[in-house]
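Data block below; observations after.
Here it is in structure tokens:
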């Protein structure tokens, strides 16, 4: 089963000024991790009622979130489209906009424009074994797809989730990890690079653990997301396990600004991550990935 | 220069915490009268003041900038105020050349015991700024 | 009669004044020693003598160095967003060169692809282009290698060719035809005028000395993408400044920044350049921190990636990046010097 | 096309031999010099470790770049061609500990002053690519247009900074190529723009700079070509806090230029490259040279003349300029 080229699945918005954000209110904030590079999940909803009903998106798409007066930054929508009551996105505190987002409290107003980019090809994933490989905050984009899959569990065969983080306190979405662990139909494998006394689970880098779990490659698709260093070591492992480049999907993190393929900075070769991605097969970006990525 | 009578100049004062800030404190505790136009920013040393602070303050609409530190030789870090002196000298001369009124950049040495002098410096600076009117240098957007 | 029209150079001033009733007319001007397009003040048409090409391309009228995207105001109910007032008055650019006109057609592709860019397109649809053929291309021009003739263009509404003390006028679009129909001082062109124009066009075509072989380059480009040694040598003298990209008529990269004072602010779009290191800087890493990667990106985006996405080379050979580069980095040398396919 | 009378050709040959031997003996990893440019009357920097490239090295009145800008970027030992102002920039980089003297072999060129093509274009009324030839000989220059040669005094076409040059012969060198040239200077012409500005009122000067900087498109050529600007990340690229927006608004452009000039005070050697590189014809040298003169006037400090001296802003005299301090 090969996915030739999923970049032609561009999602278009109706016309009108595509740069104008809608205003949205933050309804809930969850601290995923603490410390200098803390990660927070924001639950939010549009202020405009009509928009709340009409708004649709697909797992894997991202949006541009504005803190007015500070700037705009792209983050994936980490909640699943199957759950309509609110939307979620996760932010790692590292730069100007992310710091501003982390200073916001519940009830604060942000800008939202999107959804942009293509999405995970659900129709092509149906009837397949799914292997999710995620690292750190890389679980956020996959989380939307995982919940989407679990809410339509019968359409998919086995589901393996291999998720790792630097240390136990760096694990994100712990509440989801527990739920998926208890779920019989999901093989949840959590690992940490460096353990501490509170940790009783697996220890090891995600690529190594993936090799140990060794999910079978036939009728399987691997969906990978995490820091660039992890992605670079995961693809070779998957190839060793028998996955060919068309069976490997990733959602890339690149410096994006406009989110709609105009401002020019998120290109990998001739592909714009925001317009032709962010979801790519390894086959598409393999030629440029080594030298450009 | 338009000058309606109730206009009051807004001054930002970068005061070195060891001397001038203490001097300003002393002026307050000893009930010295001086105009309330100054907004004080405490800096570890007058040598910490970057020309960028001066220009950013003028850009945001302050009418004057005062940099005040310890007298030469009394700096807590020995040489901070000497470096500050060179930096402010060049900044002031270059900004004059660019076309910013010289009165908008002021500097003073005020030691921790000179509460009176601090009050007098602020009074003089306020008077000079009142003469040249509000800072409309960076006003128009286009 | 040939159906074509002509106008004497003497009547150009009257024509521009006439057009200024309806349009905001832009003409080449040398204010402050920089050739740019400036508003026509009804003054002299001396630019017809010295004008060869502007420093900042006509793209700046549609995609300016800085423009406000929208402003926002915060009050108790929250944020209110407001679009800036659009200038309803139509624009007319007199004297755009064929290379800049083709460049606008190339930019249209990106600004219309997938999502329409309202700022660029509103100005673009609101502007009439009056092309003016080149008689005297620079030694840095290489438009003929990109299939562009210095004195002919189909990307404008009217095309003027200098035939001595008159201009031959070719109506390219309906908009142009209507415009010239009502213009004063326009006469019918004779066979001789048209012959003269043909001569002028061929002469100026031959004057373009610099050449690149786009077919040959097409084959050498992809194999040379990973040739780090070649690109390190080519990039060694580059200073990573923004001149070549900002002054390039087909460069469209931009940055978006917010500014807010108290509770009133705006979002601004401004030119950005792939030559700047922070252009691709991400918090964790920067894929193009080495200078050779950035120089390579500029060449490949124009001669490899844009053709892959839109089927056309994003360069019109206007030569600005060569003329204005402070270290004389010449893109034609980098392209012609590509190692042969191994 | 050589723009020099025959007697200067042997200097070029000595330079090529010198550079070749440096590379052959492995005393340097790279040689930085000038080779003929791709357009008329231009030269372009040549940075090479290949000894055959040195045959392209040239010396003529158009070797305008200050090559020391590359020293902070190239790793390893470097042989560099340096005019008077370039060698002072190297000394200034040594003072700032950006470059180690032992890692550089300086091939000094006594500089007779360089020809400003903008001045030639204004003088002759033709663009540079329409001229046939420009040949300098001592204090005269012959400009040939449409086959017709015309002679002008050299001071009409030299760069403003060359007219005000104090150290045409390099201060620091390992080998000096050619004898010190007769210095043709005209200080008043060199400071003419600055004096005009000093004559204006405060409001007039402010309006002047406001207009100039409203043309700036923030291409940063002035900063990137300046050897004194060697910061890893410039203050205009800071986003937390965002002191200056990277948006070409005149207010932000002005703050950028003024603070940049204060940062390079005591490092700028008036090589004039910032003004030459600016595509929008903004008189940046009227700012840089003024700062240069201020530093000289206030602290009797001439940038890049003393390798051992500590940089301007890291030193002080007991008693110096403080008339403005209350």
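Chains as they are written, first to last, in this note's numbering: chain S, 13 to 305; chain A, 199 to 340; chain Z, 1332 to 1673; chain F, 14 to 339. Glycine included, C-beta positions come from ideal geometry on N, C-alpha and C.
Beta-carbon proximity check, residue i vs residue j, cutoff 8 Å
i               : j               : result
residue 1657(Z) : residue 234(F)  : yes
residue 294(S)  : residue 247(S)  : yes
residue 219(S)  : residue 200(S)  : no
residue 129(F)  : residue 165(F)  : no
residue 92(F)   : residue 41(F)   : yes
residue 208(A)  : residue 317(A)  : no
residue 1438(Z) : residue 1583(Z) : yes
residue 254(F)  : residue 182(F)  : no
residue 181(S)  : residue 206(S)  : no
residue 123(S)  : residue 1591(Z) : no
residue 172(S)  : residue 127(S)  : no
Helix, strand or coil at residue i according to DSSP, with G and I counted as helix
i               : result
residue 1668(Z) : coil
residue 248(F)  : helix
residue 259(A)  : coil
residue 92(S)   : coil
residue 33(S)   : coil
residue 100(S)  : strand
residue 1518(Z) : strand
residue 180(F)  : coil
residue 16(S)   : For residue 16(S), the pLDDT reaches just 43, beneath the cut-off of 50, and the residue's location in the model is therefore unreliable, although a value from the coordinates is still provided. Of the three classes helix, strand and coil, the one that applies to residue 16(S) here is coil, per DSSP.
residue 1340(Z) : helix
residue 230(S)  : coil
residue 1350(Z) : helix
residue 1760(Z) : Summary: the structure shown does not reach residue 1760(Z), with chain Z confined to residues 1332 through 1673, and so no result is reported for it.
residue 145(F)  : strand
DSSP bridge partner residues for residue i (one or two, in chain order)
i               : result
residue 1627(Z) : DSSP, once it has assigned bridges, lists no residue as partnering residue 1627(Z).
residue 45(S)   : 51(S)
residue 161(F)  : 158(F)
residue 1359(Z) : 1368(Z)
residue 1404(Z) : 1411(Z), 1595(Z)
residue 1586(Z) : 1601(Z)
residue 1497(Z) : 1339(Z)
residue 214(A)  : 241(A)
residue 1490(Z) : 1462(Z), 1501(Z)
residue 85(S)   : 77(S)
residue 1421(Z) : 1354(Z)
Nonlocal neighbours in the same chain, by C-beta distance under 8 Å from residue i, ignoring five residues either side
i               : result
residue 140(S)  : 13, 168, 169, 231, 232, 233
residue 1558(Z) : 1670
residue 87(S)   : 74, 75, 77, 101, 102, 103, 152
Close Cβ partners of residue i (< 7 Å) along its chain, the five nearest in sequence each way excluded
i               : result
residue 1396(Z) : 1601, 1602
residue 261(F)  : 229, 230, 231
residue 340(A)  : Below a pLDDT of 50, predicted positions are generally treated as unreliable, and residue 340(A), at 45, falls in that range; the measurement from the model is reported next regardless. Taken in chain order, the list of residues that qualify is empty.
Other residues of its chain near residue i: CB distance less than 6 Å, five sequence neighbours each side excluded
i               : result
residue 240(F)  : 79, 81, 82, 102
residue 1455(Z) : 1393
residue 1410(Z) : 1403
residue 16(S)   : Low per-residue confidence applies at residue 16(S): pLDDT is 43, beneath 50, and the placement is therefore not dependable, though the value from the model is reported in the following sentence. None.
residue 1441(Z) : 1583
residue 1660(Z) : 1569
residue 85(F)   : 111, 243
Chain A contacts made by the stretch 302–328 of chain F, where a contact means CB separation under 9 Å: The residues in question are 303, 304, 307, 308, 310, 311, 312, 325, 326, 327, 328.
Using a Cβ-Cβ cut-off of less than 8 Å, give me the residues of the stretch 120–140 of chain S that come near chain Z, in sequence order. Within the stretch 120–140 of chain S, 121, 123 place their CB atoms closer than 8 Å to a CB of chain Z, listed in sequence order.
Which residues of the stretch 44–73 of chain S have a Cβ closer than 8 Å to any Cβ of chain Z? Give them in chain order. Residues of the stretch 44–73 of chain S with a C-beta atom less than 8 Å from some C-beta of chain Z are 59, listed in chain order.
The stretch 1570–1582 of chain Z: which residues have C-beta closer than 7 Å to a C-beta of chain F, in chain order? Cβ contacts with chain F: 1570, 1571, 1572, 1573, 1574, 1577, 1578.
Along the stretch 303–329 of chain A, where does the CB come closer than 9 Å to a CB of chain F? Name the residues. Under the 9 Å Cβ criterion, the stretch 303–329 of chain A contributes 303, 304, 305, 306, 307, 308, 315, 318, 319, 322, 323.
Could you name the residues of the stretch 245–256 of chain F whose beta carbon sits closer than 8 Å to any beta carbon of chain S, in the order they occur along the chain? Residues passing the 8 Å Cβ filter: 252, 253, 255.
So if I threshold CB-CB distances at 7 Å, which residues from the stretch 252–270 of chain A count as touching chain F? Result list: 253, 254, 257.
Contacting positions in the stretch 258–275 of chain F - beta carbon closer than 8 Å to chain Z: Cβ contacts with chain Z: 258, 259, 260, 261, 262.
If contact means a Cβ-Cβ distance below 8 Å, which residues of the stretch 157–174 of chain S contact chain Z? Residues of the stretch 157–174 of chain S with a C-beta atom less than 8 Å from some C-beta of chain Z do not occur.
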